[in-house]
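Colleague: Quick one: this structure, given as structure tokens, is what I'll be asking you about.
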Amino acid sequence: MKKNYYGRLLCFTLAYILLALLLFWIVKDDWRRTAISTDAVNRGGVLPELTEEQEITQEFSLAADSLTSLTLSANRQPGAPKKAALKAVLSSGEKKLYETEIPYSLIGPEGAVHIEPDGVEWPARGTPLTLSLKAEGGLSFWYGQTRSAGKFEVATETAGLRMNGQAVDGELVLVQKGIRNLPYTRYYWPAAGLLLLVLLAVIQYCHICRVRGKENLLNRGVMLMKQYRYLLKTLVVRDFKIKYRASMLGVLWSFLNPLLMTFVYMFVFSTLFRSSIENFVVYLMSGIILFNYFSEASNLGMQSIVGNAGLIKKVYMPKYIFPISKVLSSGINLCISLIPLLIMMLLTGVRFSKSLLLIPLVLLFLILFCIGVSLTLASAMVYFRDVQFLWGILLTILNFVSPIFYPESIIPARFITLYHMNPMYQYLFFMRTITLGGISPTPITYLYCALASLISLAVGLFVFRRSQSNFVHHL
Amino acid sequence: MGEIIRVDHVSMNFRMNMNRTTSMKEWTIAKLKRQLKYQDFYALNDVSFSVQRGEIIGIIGTNGSGKSTLLKVICGIYKPTGGSVVTAGRVAPMLELGSGFDYELSGSENIFLNGAIMGYSEEFLKSRYQDIVAFSELGDFIHQPIKTYSSGMMMRLAFSVATLVDPEILIVDEILAVGDESFRRKSSARMKEMMSGGTTVLMVSHDLGSIQEMCGRAIWLHHGRLHSDGRADLVCEDYMRFTDSL
Numbered sequence: 016m017k018k019n020y021y022g023r024l025l026c027f028t029l030a031y032i033l034l035a036l037l038l039f040w041i042v043k044d045d046w047r048r049t050a051i052s053t054d055a056v057n058r059g060g061v062l063p064e065l066t067e068e069q070e071i072t073q074e075f076s077l078a079a080d081s082l083t084s085l086t087l088s089a090n091r092q093p094g095a096p097k098k099a100a101l102k103a104v105l106s107s108g109e110k111k112l113y114e115t116e117i118p119y120s121l122i123g124p125e126g127a128v129h130i131e132p133d134g135v136e137w138p139a140r141g142t143p144l145t146l147s148l149k150a151e152g153g154l155s156f157w158y159g160q161t162r163s164a165g166k167f168e169v170a171t172e173t174a175g176l177r178m179n180g181q182a183v184d185g186e187l188v189l190v191q192k193g194i195r196n197l198p199y200t201r202y203y204w205p206a207a208g209l210l211l212l213v214l215l216a217v218i219q220y221c222h223i224c225r226v227r228g229k230e231n232l233l234n235r236g237v238m239l240m241k242q243y244r245y246l247l248k249t250l251v252v253r254d255f256k257i258k259y260r261a262s263m264l265g266v267l268w269s270f271l272n273p274l275l276m277t278f279v280y281m282f283v284f285s286t287l288f289r290s291s292i293e294n295f296v297v298y299l300m301s302g303i304i305l306f307n308y309f310s311e312a313s314n315l316g317m318q319s320i321v322g323n324a325g326l327i328k329k330v331y332m333p334k335y336i337f338p339i340s341k342v343l344s345s346g347i348n349l350c351i352s353l354i355p356l357l358i359m360m361l362l363t364g365v366r367f368s369k370s371l372l373l374i375p376l377v378l379l380f381l382i383l384f385c386i387g388v389s390l391t392l393a394s395a396m397v398y399f400r401d402v403q404f405l406w407g408i409l410l411t412i413l414n415f416v417s418p419i420f421y422p423e424s425i426i427p428a429r430f431i432t433l434y435h436m437n438p439m440y441q442y443l444f445f446m447r448t449i450t451l452g453g454i455s456p457t458p459i460t461y462l463y464c465a466l467a468s469l470i471s472l473a474v475g476l477f478v479f480r481r482s483q484s485n486f487v488h489h490l
Numbered sequence: 341m342g343e344i345i346r347v348d349h350v351s352m353n354f355r356m357n358m359n360r361t362t363s364m365k366e367w368t369i370a371k372l373k374r375q376l377k378y379q380d381f382y383a384l385n386d387v388s389f390s391v392q393r394g395e396i397i398g399i400i401g402t403n404g405s406g407k408s409t410l411l412k413v414i415c416g417i418y419k420p421t422g423g424s425v426v427t428a429g430r431v432a433p434m435l436e437l438g439s440g441f442d443y444e445l446s447g448s449e450n451i452f453l454n455g456a457i458m459g460y461s462e463e464f465l466k467s468r469y470q471d472i473v474a475f476s477e478l479g480d481f482i483h484q485p486i487k488t489y490s491s492g493m494m495m496r497l498a499f500s501v502a503t504l505v506d507p508e509i510l511i512v513d514e515i516l517a518v519g520d521e522s523f524r525r526k527s528s529a530r531m532k533e534m535m536s537g538g539t540t541v542l543m544v545s546h547d548l549g550s551i552q553e554m555c556g557r558a559i560w561l562h563h564g565r566l567h568s569d570g571r572a573d574l575v576c577e578d579y580m581r582f583t584d585s586l
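Which chain is which? The protein sequence lines are C and L, in order.
Under the numbering used here, the first residue of the first sequence is numbered 16, with each subsequent residue one higher.
Under the numbering used here, the first residue of the second sequence is numbered 341, with each subsequent residue one higher.
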């Protein structure tokens, strides 16, 4: 018995280390540095022609740790001298960082001017930089005062543009692209080690409790799970079997449903949001799949105690099983509906990267979150049947305050912090970063998702535990 | 041998909500008006006894004396409001046969579902599956959805599942025989076989004859209190005298 326990502990530690290594391999580069690209203002107007002896200066704050390119929008007049060049100087205060001459011939037909600084020792991120431009006539630059937000344009604070020393209201159409360094990779192993120690301590504590025969919630939970594992499996399989039993297409519906929903949304919103979202189909589909799962699982979980009233009144069993089994059987659906998502990614040419290996992690977070929500709702439902109607309305609200069919950029900046508090937002963000972005999100997102799941689970278990012995009197 | 069930000063208080609110609106209004009235009703009041392994105990009493509540407390369906119940074995409740059935599933799927609800493992149920099917005499119908079953077939299946899994404690609420005459004989033979085979049985019945025949000990509950506890024939005689005097 004793030997067995330490053997298992060793297995657990090994499994943990393997998983930690796998995760490290997936995230190490993405947690060390990330590529960024700033949003430019919309083209609002064109500055007067930049002739000799004239100068445009634009102050901006350095958005990355090293810039790979600055892109401007220019207009080359037909009569512009062919052999002339644009002189661009990038400086920080008095110090000149980079100087280049761009021949007019390199300015593309769309008027994109790429300045690609290299060999520069960049100052700290956020340092104000000045870009000054001199030309030899025939060239003028776009500037503007608004930014895009979905279909709309919103005025933004713009400053720092001067022409010949005269301040101009607005800002050059300027995109900064660069690499931002992230500090996270070096904390990875200390954090992983700490977590392992905490887990081992908890397991050891439970073991001591078990040996001494002391009551312990975790031990009880594990015991119940062991004993009723088969019931859980049976219920999950039953729900899944019955769901499609009388339908002709059967399981194919799990496949078709997200596809059809996506097409409906695409049809409705294509003119509104399509242009501002890259790969709108995959964006939509990932949003719809995750949100549908949340809505289905929470609804079924909420009904599960009231729906099994007959059984609960007749037979003893841990009542946790009902909401959990509903959330898990919807989870099978969720996994099936990932297949059309992957197919759609393949069709639209999304690069498959190792970050896709993180999908199970997002699903795990989401499933735990749903279990917590379902436990809370199921207990509330026993006492007040109004909860189901209230939840229907809340789900609709949640559907609109999560970025499912619209880009996050339409949210006004002053609400963005509040907007990010929505756990569904975080799960969607995570999912899209690893599918569409092909990279791992920063640890902040991991922490947030894990925290949301754990809090939801803790609240759910607490509420359910407090109220479950009275269920039978209210059913 | 040894103790298998201990019922220790168990009370079950049903707090009856006099205005039975089931919507948040009603509840809030009642709460604000301070009209939430409750009435205490003790279905069980300070009941204590202990059961040895292998004992067969009959529980008797008039309607509303708390017999069924006692069985539900022992099964774990009700959590007692006072006192405690400790059971040292697997309890198989036969309170209402077939309550765990899913009508969309087939008979065999339901055997596993019902077994799982009672907390048995897959391997154990697989080892008992053939016996259960054979005892129920359902033959090939076992693969049909049970919504197509007649009520007799359903009862036969439910009885087979409940009794062929060798529970350590069997709790029976007035269901000794089901189905047609031949199955009725078979099922009561099975019950007797279990009782003689060391299963601890708690049964509620109004049939004093069968209590006296089957049980060694009887417990008489009266208005939620333990009235008497002792040899089945003596307690039954007392009880009969009491009911005659009413």
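Even glycine gets a Cβ: it sits at the ideal position worked out from N, Cα and C.
Predicted model only: the values in this text are computed from it and were never measured.
With H, G and I counted as helix, E and B as strand and the rest as coil, what does DSSP make of L:Leu-561?
Modeller: L:Leu-561: strand per DSSP, three-state reduction.
Colleague: Using a Cβ cut-off of 7 Å, pull out every chain L residue sitting near C:Arg-480, in sequence order please.
Modeller: Per Cβ cutoff of 7 Å: no residues; C:Arg-480 is ~12 Å from chain L at best.
Colleague: Cβ of L:Tyr-486 less than 8 Å from any chain C Cβ?
Modeller: According to the sequence provided, residue 486 of chain L is Ile. The question's Tyr does not apply to it. No, its Cβ sits nowhere closer than 8 Å to a Cβ of chain C.
Colleague: Going by Cα to Cα distance, which pick from L:Asp-569, L:Gly-394, L:Tyr-443, L:Arg-355 is closest to L:Ala-383?
Modeller: When each option's Cα is compared against that of L:Ala-383, the closest is L:Arg-355.
Colleague: Examine the Cβ distances between the stretch 386 to 393 of chain L and the stretch 562 to 573 of chain L and report whether three or more of them are shorter than 8 Å.
Modeller: Yes: the two stretches touch, three or more of their Cβ pairs being nearer than 8 Å.
Colleague: Answer yes or no: does any C-beta atom of chain C fall closer than 8 Å to that of L:Leu-445?
Modeller: At least one chain C Cβ lies under 8 Å of L:Leu-445.
Colleague: Of all the residues that make up the stretch 404 to 422 of chain L, which are near chain C by a beta-carbon distance shorter than 9 Å?
Modeller: If the cut-off is 9 Å between Cβ atoms, the stretch 404 to 422 of chain L has Lys-412, Cys-415, Gly-416, Ile-417, Tyr-418, Lys-419 near chain C.
Colleague: Just to check my reading of the structure: C:Met-281 and C:Val-296 have Cβ atoms closer than 8 Å, yes? What is that Cβ distance to the nearest angstrom?
Modeller: Confirmed, about 7 Å.
Colleague: Consider the Cβ of L:Ser-285: report whether some Cβ of chain C lies at a distance smaller than 8 Å.
Modeller: Lying before the first or after the last residue shown, residue 285 of chain L is absent from chain L, which here runs from 341 to 586.
Colleague: Which residue comes first and which comes last in the alpha helix (DSSP H) that contains L:Ala-370?
Modeller: From DSSP, the alpha helix (DSSP H) with L:Ala-370 extends over 364 to 372.
Colleague: Apart from the five residues just before and just after C:Phe-367, which ones in its own chain have a Cβ nearer than 6 Å to its Cβ?
Modeller: Excluding sequence neighbours, C:Phe-367 sits near nothing in its chain.
Colleague: Please go through the stretch 505 to 558 of chain L and give each complete beta strand (DSSP E) segment of 3 or more residues, from N-terminal end onward.
Modeller: Listed in chain order, they are 509 to 513, 540 to 544.
Colleague: Taking all protein chains shown into account, do 16 or more other C-beta atoms lie within 10 angstroms of the C-beta of C:Ala-261, making it buried, or fewer, making it exposed?
Modeller: Looking at its Cβ environment, which holds fewer than 16 other Cβ atoms inside 10 Å, C:Ala-261 is exposed.
Colleague: Among residues of its own chain, excluding the 5 on either side of C:Phe-306, which ones have a beta-carbon nearer than 6 Å to its beta-carbon?
Modeller: For C:Phe-306, where only same-chain residues beyond five positions count, the Cβ hits under 6 Å are Ile-419.
Colleague: Use the C-beta contact count for C:Phe-415: other C-beta atoms within 10 angstroms, 16 or more gives buried, fewer gives exposed.
Modeller: Exposed.
Colleague: Quick test of your reading: C:Arg-140 and C:Ala-79, contact by CB under 8 Å. State the CB separation rounded to the nearest angstrom.
Modeller: Right, the Cβ-Cβ distance comes to about 7 Å (below 8 Å), so this counts as a contact.
Colleague: Assign C:Lys-341 to buried or exposed, taking buried as 16 or more other Cβ atoms, counted over all protein chains shown, within 10 Å of its Cβ.
Modeller: Counting Cβ neighbours within 10 Å, C:Lys-341 comes out buried, since at least 16 surround it.
Colleague: Taking buried to mean at least 16 other C-beta atoms within 10 Å of its own C-beta, is C:Cys-26 buried or exposed?
Modeller: Its Cβ having fewer than 16 others within 10 Å, C:Cys-26 is exposed.
Colleague: So, is the C-beta of L:Pro-507 closer than 8 Å to a C-beta in chain C?
Modeller: Output row for L:Pro-507: interface = no.
Colleague: Name, going along the chain, the residues of the stretch 251 to 278 of chain C whose beta-carbon falls closer than 7 Å to a beta-carbon of chain L.
Modeller: So the list reads Arg-253, Ile-257, Arg-260, given in the order they occur along the chain.
Colleague: For the stretch 410 to 496 of chain L, which segments carrying the beta strand (DSSP E) assignment without a break, of at least 3 residues, lie completely within its bounds, in sequence order?
Modeller: Qualifying beta strand (DSSP E) stretches, in chain order: 422 to 427, 431 to 434.
Colleague: I want to verify the contact list: residues of chain C whose CB lies under 9 Å from the CB of L:Leu-453, in sequence order.
Modeller: Chain C residues near L:Leu-453: Leu-246, Thr-249, Leu-250, Arg-253.
Colleague: So, with DSSP's three-state summary, where would you put C:Leu-476?
Modeller: In the structure shown, C:Leu-476 sits in a helix (DSSP, three-state: H, G or I).
Colleague: Do C:Leu-372 and C:Tyr-308 have their CB atoms nearer than 8 Å?
Modeller: No. Outside cutoff.
Colleague: Pull up the DSSP beta-bridge partners for L:Met-352, would you.
Modeller: The partner list for L:Met-352 (beta bridge, DSSP) reads L:Leu-384.
Colleague: Assuming C:Phe-156 is part of the beta strand (DSSP E), what are its boundary residues?
Modeller: That run of the beta strand (DSSP E) goes 154 to 159.
Colleague: Return the residues of the stretch 309 to 337 of chain C that lie within a Cβ-Cβ distance of less than 8 Å from chain L, sorted by chain order.
Modeller: Residues passing the 8 Å Cβ filter: Gly-325, Leu-326, Ile-327, Lys-328, Lys-329, Val-330, Tyr-331, Met-332.
Colleague: Do the CB positions of L:Cys-555 and L:Ile-417 come within less than 8 Å of each other?
Modeller: No, they are not a contact pair.
Colleague: Have a look at C:Val-487 and C:Leu-264 and give me their C-alpha separation to the nearest angstrom.
Modeller: Straight-line Cα distance between these residues: approximately 38 Å.
Colleague: Going by DSSP in three states, C:Pro-375 sits in which element: helix, strand or coil?
Modeller: Of the three classes helix, strand and coil, the one that applies to C:Pro-375 here is helix, per DSSP.
Colleague: Does the beta-carbon of L:Val-575 have 16 or more other beta-carbons within 10 angstroms, so that it is buried, or is it exposed?
Modeller: Result: buried.
Colleague: If you count every other CB in all the chains shown that lies within 10 Å of the CB of C:Arg-23, and 16 or more means buried, which is it?
Modeller: Classification for C:Arg-23: exposed.
Colleague: What are the boundary residues of the beta strand (DSSP E) that C:Tyr-113 is part of?
Modeller: From DSSP, the beta strand (DSSP E) with C:Tyr-113 extends over 110 to 118.
Colleague: Alpha carbon to alpha carbon, how far is C:His-489 from C:Tyr-398?
Modeller: In a straight line, the C-alpha of C:His-489 is about 7 Å away from that of C:Tyr-398.
Colleague: Considering only DSSP beta bridges, list what C:Pro-418 is partnered with.
Modeller: BP columns for C:Pro-418 are empty, so no partner.
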